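Asker:
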């Protein structure tokens with residue numbers, strides 16, 4: 007049952023058997039992630055190619071750290087964690103601006119704060135103030151600390167808040 011792909015006599019594989027291999031290929035080769043991020047600057051480190059960019063030495067902007075199928079075209083959360091641990095071990099805090107999705111904060115050792123607001127909308131001035139105070143407080147704790155800010159695509163909401 008299903009589509010049969012021939013690799014010679016007696017070596018046919020069904021499309022279902024090939025699915026994990028296709029997902030692995032797409033994920034490891036960053037093909038879809040590069041398509042989604044278009045011409046934006048990407049960070050390559052430790053064999054990973056991620057949609058993240060340093061705004062300053064204390065501020066990092068990125069797209070959503072995703073799990074499961076969404077990780078095929080967004081930043082895979084385990085790769086994000088690995089890169090952050092390599093570069094800023096115990097000195098990063100993640101700020102999630104997404105209202106539509108979240109993840110377990112324990113992926114980043116509980117150092118996650120949410121300031122959720124709708125895409126293509128502006129947050130209240132109070133939310134901007136609270137965000138800025140939180141980032142300032144975190145950065146003031148240790149000169150090695152950085153703030154990692156993201157929304158879904160890492161453009162609109164992230165751009166607005168990192169410019170505040």
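Numbering (our numbering), first residue to last: 7 to 170.
Beta carbons: idealized from backbone N, C-alpha and C, even for Gly.
As the structure is a computational prediction, the values presented were derived from the model and not from experiment.
Would DSSP call residue 105 helix, strand or coil?
Answerer: Look at residue 105 here: in three-state DSSP terms it is coil, with no helix or strand label.
Asker: Just mark residue 148 as buried or exposed, buried being the case when its beta carbon has 16 or more other beta carbons within 10 Å.
Answerer: Exposed.
Asker: According to the neighbour-count rule (16 or more other Cβ atoms, all chains shown, within 10 Å of its Cβ), is residue 124 buried or exposed?
Answerer: It is exposed - the Cβ of residue 124 has fewer than 16 other Cβ atoms within 10 Å.
Asker: Indicate whether residue 121 and residue 136 have their beta-carbon atoms separated by less than 9 angstroms.
Answerer: yes
Asker: I'd like to check one pair, residue 163 with residue 90: are the Cβ atoms closer than 9 angstroms?
Answerer: No. Outside cutoff.
Asker: Return the chain-ordered list of same chain residues with a C-beta closer than 7 angstroms to the C-beta of residue 108, the five sequence neighbours on each side being excluded.
Answerer: Within the same chain, 102, 120 come within 7 angstroms of residue 108 by CB-CB distance, once the 5 residues on both sides are set aside.
Asker: Any idea if residue 99 is buried or exposed, counting beta-carbon neighbours within 10 angstroms, 16 or more meaning buried?
Answerer: buried
Asker: Can you tell me whether residue 96 is buried or exposed, with buried defined as 16 or more other CB within 10 angstroms of its CB?
Answerer: Looking at its Cβ environment, which holds fewer than 16 other Cβ atoms inside 10 Å, residue 96 is exposed.
Asker: Classify residue 59 as helix, strand or coil using the three-state DSSP reduction.
Answerer: Strand at residue 59.
Asker: Taking only runs of the beta strand (DSSP E) that begin and end inside the region 74 to 145, which ones reach a length of at least 3 residues, in chain order?
Answerer: 98 to 104, 118 to 123
Asker: Taking C-alpha atoms, which residue in 138, 115, 105, 60 lies nearest to residue 88?
Answerer: 115
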